[in-house]
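Just so you know, the sequences run in chain order A and B.
Taking our numbering as reference, the numbering of the first sequence is continuous, increasing by one, and the terminal residue is 317.
Taking our numbering as reference, the numbering of the second sequence is continuous, increasing by one, and the terminal residue is 117.
Read through the structure below, which is laid out as structure tokens, and then see the notes.
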Amino acid sequence: NAGVTQTPKFQVLKTGQSMTLQCAQDMNHEYMSWYRQDPGMGLRLIHYSVGAGITDQGEVPNGYNVSRSTTEDFPLRLLSAAPSQTSVYFCASSYSRAGGWYEQYFGPGTRLTVT
Amino acid sequence: AQSVTQLDSHVSVSEGTPVLLRCNYSSSYSPSLFWYVQHPNKGLQLLLKYTSAATLVKGINGFEAEFKKSETSFHLTKPSAHMSDAAEYFCVVSKMDSSYKLIFGSGTRLLVRP
């Protein structure tokens with residue numbers, strides 16, 4: 203298993219540009235999520251999905267869109283990049299058993315700089 | 004509401020000495036707690052998890068943590084530090100609703116001196 207994969211690893215955007223951060227997992231996990239990591243602030247949830255076709259907002263969703271057309275993929279779209287979106291982005295996935303969710307597995311991250 | 008507080012932003016130990024990283028949590032019900040480690044420019048790796056089965060939890064690389072409900076603590080320990088343990092450690096509590104949001108502490112950076 204490759205686990206959770208993210209592309210690209212690094213990206214530089216100009217203000218106003220759009221792009222999509224890719225996330226895929228090969229563990230057949232129902233749950234997938236996106237976090238951003240900023241210095242001194244830990245990780246904050248952007249969007250999450252509990253299955254194909256189901257998405258919802260997390261703690262800091264503004265400026266980001268997601269969709270989940272398959273179990274494996276959960277792309278994060280920045281429609282009009284802003285310098286405040288400079289961050290490291292992590293995708294994670296998890297699975298359920300006996301009514302609860304288990305630990306989340308994280309991808310290697312995408313380092314995004316918006317100039 | 005759930006929250007976690009990591010009591011030290013930096014901890015420095017000598018190689019071969021014990022490690023103690025402190026975490027207090029706040030939760031209105033029995034929480035699921037985790038410790039994750041992040042090496043420089045890497046993703047997050049799960050060290051161990053507490054999900055109410057046993058109060059003393061053993062993880063990878065010789066780490067363990069004890070859940071103490073009376074003290075609302077979940078401190079991470081290791082008997083003998085290795086140079087490879089130098090990293091940032093996050094104490095995490097999960098929000099047990101449909102969002103399954105992970106609530107991260109602010110992190111503790113562990114430095115290991117030779």
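Beta carbons are placed, not taken as given, at the ideal position from N, Cα and C, and that holds for glycine.
Inset, instruction - With DSSP collapsed to three states, give me the class of A:Met-229. - result: coil
TODO: Helix, strand or coil for A:Gln-287, going by three-state DSSP, please let me know.
DONE: helix
Practice item. Would you list, in chain order, the members of the region 27-57 of chain B that have their beta-carbon closer than 9 Å to a beta-carbon of chain A? Key: Ser-35, Phe-37, Tyr-39, Gln-41, Asn-44, Lys-45, Gly-46, Leu-47, Gln-48, Leu-49, Lys-52 and Thr-54
request  = With DSSP collapsed to three states, give me the class of B:Asp-88.
outcome  = helix
Is there a Cβ of chain A sitting closer than 8 Å to that of B:Gly-62, yes or no?
no
Top-ranked residue by Cα proximity to A:Ser-296, from A:Gln-259, A:His-231, A:Leu-223 and A:Ala-284: A:His-231
**Message:** Just to make sure I have the definition right: I need the residues of chain B whose C-beta is within less than 8 Å of the C-beta of A:Gln-219. Which are they?
**Reply:** Result: empty, since nearest Cβ-Cβ is about 24 Å, beyond 8 Å.
- Query: Shorter than 8 Å from the beta carbon of B:Lys-104 to some beta carbon of chain A?
  - Reply: yes
* Return yes when the Cβ of A:Val-268 is within less than 8 Å of the Cβ of A:Ser-289, no when it is not. => no
**Report entry** Per-residue contacts from B:Ser-3 into chain A (C-beta, under 9 Å)
**Finding:** Outside the displayed range of chain B (4 to 117) lies residue 3 of chain B, so it cannot be described from this structure.
How is B:Asn-64 classed by DSSP in three states: helix, strand or coil? helix
Does DSSP put B:Thr-75 in a helix, a strand or coil? coil
Closest Cβ-Cβ distance between A:Cys-314 and chain B: below 8 Å? The displayed chain sequence assigns Leu, not Cys, to residue 314 of chain A. Taking Cβ atoms only, chain B never reaches closer than 8 Å to A:Leu-314, which makes this a no.
Which whole-angstrom value describes the C-beta separation of B:Val-40 and B:Gln-48, a residue pair presumed to lie in contact below a C-beta threshold of 8 Å? 5 Å
**Asked** Does DSSP put A:Gly-253 in a helix, in a strand, or in coil?
**Response** strand
Exercise for review: With DSSP as the reference, please indicate the residues paired to A:Ala-294 in a beta bridge.
Suggested key: A:Ser-235 and A:Phe-308
Skipping 5 residues on each side, what residues in its chain have a beta carbon closer than 7 Å to that of B:Ser-160? Since the first and last residues shown for chain B are 4 and 117, residue 160 of chain B lies out of range.
_Check whether the region 247-265 of chain A and the region 210-226 of chain A are in contact - that is, three or more C-beta pairs closer than 8 Å._
no
- prompt: Which class does A:Arg-279 belong to by DSSP, given the choice of helix, strand or coil?
  reply: strand
Notebook entry, point to check: Nearest-angstrom Cα distance between A:Asn-221 and B:Pro-117?
Noted result: Checking the displayed sequence, the identity of residue 221 of chain A turns out to be Met instead of Asn. About 44 Å.
Item to check | Classification of B:Lys-81 by the beta-carbon crowding that lies within 10 angstroms, buried from 16 upward | outcome: buried
Express the C-alpha separation of A:Arg-270 and A:Gly-255 in angstroms, rounding to a whole number.
5 Å
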